[in-house]
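Student:
Numbering (the working numbering), first residue to last: 2 to 262.
#1: Within the same chain, show all residues whose beta-carbon is closer than 6 angstroms to that of residue 31, passing over the 5 residues directly before and after it, in chain order.
#2: Given a cut-off of 8 angstroms, decide if residue 186 and residue 91 are closer than it, judged by their beta-carbon atoms.
#3: Can you give me the Cβ contacts of residue 197 inside the same chain, cut-off strictly under 7 angstroms, excluding the 5 residues immediately before and after it?
#4: Since residue 55 contacts residue 18 with CB under 8 angstroms, what's their CB separation in whole angstroms?
#5: Going by other Cβ atoms of all chains shown within 10 Å of its Cβ, with 16 needed for buried, is residue 189 buried or exposed?
#6: When the Cα of residue 42 is compared with those of 26, 152, 81, which residue comes out closest?
#7: Considering only the alpha carbon of each residue, which of 81, 204, 212, 8 lies closest to residue 175?
#8: If residue 123 sits next to residue 101, beta carbons under 8 angstroms apart, how far is it from one beta carbon to the other, in whole angstroms?
#9: Have a look at 77, 74, 244, 52 and flag the residue whose alpha-carbon is nearest the alpha-carbon of residue 11.
#10: The alpha helix (DSSP H) with residue 94 in it runs from where to where?
#11: Count the other CB atoms, across all protein chains shown, that sit within 10 Å of the CB of residue 8; report buried if there are 16 or more and exposed otherwise.
#12: Quick check on this structure: which residue in 158, 211, 209 has the alpha carbon closest to the alpha carbon of residue 255?
#13: Less than 8 angstroms between the beta carbons of residue 178 and residue 79, yes or no?
#14: Alpha carbon to alpha carbon, how far is residue 86 from residue 195? Give it in angstroms, no decimals.
#15: Cβ atoms of residue 103 and residue 193: under 8 angstroms apart, would you say?
#16: Considering only their Cβ atoms, is the gap separating residue 130 from residue 97 smaller than 8 angstroms?
#17: Look at the alpha carbon of residue 28 and the alpha carbon of residue 127, and state the distance between them as a whole number of angstroms.
#18: Pop quiz: residue 20 and residue 75 are said to be a contact at Cβ under 8 angstroms. What is the actual Cβ separation, rounded to whole angstroms?
#19: Out of curiosity, what's the CA-to-CA distance linking residue 44 and residue 22?
#20: Taking only three categories from DSSP, how would you classify residue 220?
#21: Between the beta-carbon of residue 143 and the beta-carbon of residue 247, is there less than 8 angstroms?
#22: With distances taken Cα to Cα, identify the nearest neighbour of residue 244 among 95, 191, 47.
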């Protein structure tokens, strides 16, 4: 028969499986409060997922844990959730960065508004690219793959196991991911940026030979038209590359966790 002490142990074990999911889902833009309609829906989903993870959590925890042990496991679980959420959110940050970089170069960054998915200020193309990423993430089955990876992470790195080897190189890993974001933002937006540069260079030559022409007045609409035209031609290849990023993310998370031991 279940007594009060047994019920308390079950609740503690169940709650230790929640922080990893909570932190990872809080970072992931597609699961933001504005997308799901409020934090209650997201929290309810995380608590529901934790029910399926409870058997793995209960099997991995040693008996008679002290308060310090619970606190250490809590910090470890939050850190791991941060790493998983960080890796899963990188494609979304790249997509938003590409859109913002293009808008910044064509002079449309002044039209920034709140991105309902990211919850922060960004440009119109930044919002557009983020919405494309969310659509790809949902219809491609990547969300389901991410849920599977989250469940597998409890088997690869159980709740009861504390610090693996990767903690020593966590700072280098985070900086390498940031470097990847900056590199891909520049590379993926390069065709549009190059087209705008050529148009601006052409306008500079025109102003040299026709000083009476107000080139500054023409620069923004001309660059915007060229940028949107090139983006329409280039969007298919851009979306394919972003899809590849999303498709590779779940396997990269598991490979990173396996290599940590």
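Every residue gets a Cβ at the ideal spot worked out from N, C-alpha and C, and that includes glycine.
As the structure is a computational prediction, the values presented were derived from the model and not from experiment.
Tutor: Put simply:
#1: The residues are 135, 138.
#2: no
#3: 106, 107, 224, 227, 228
#4: 6 angstroms
#5: buried
#6: 26
#7: 81
#8: 6 angstroms
#9: 52
#10: 68-107
#11: exposed
#12: 158
#13: It is not a contact, given that the beta carbons lie outside the stated cut-off.
#14: 33 angstroms
#15: Residue 103 sits close to residue 193, with the two beta carbons spaced by under 8 angstroms.
#16: yes
#17: Answer to the nearest angstrom: the Cα atoms are 18 angstroms apart.
#18: 6 angstroms
#19: 10 angstroms
#20: helix
#21: yes
#22: Taking residue 244 as reference, the option from 95, 191, 47 with the minimal CA-CA separation is 95.
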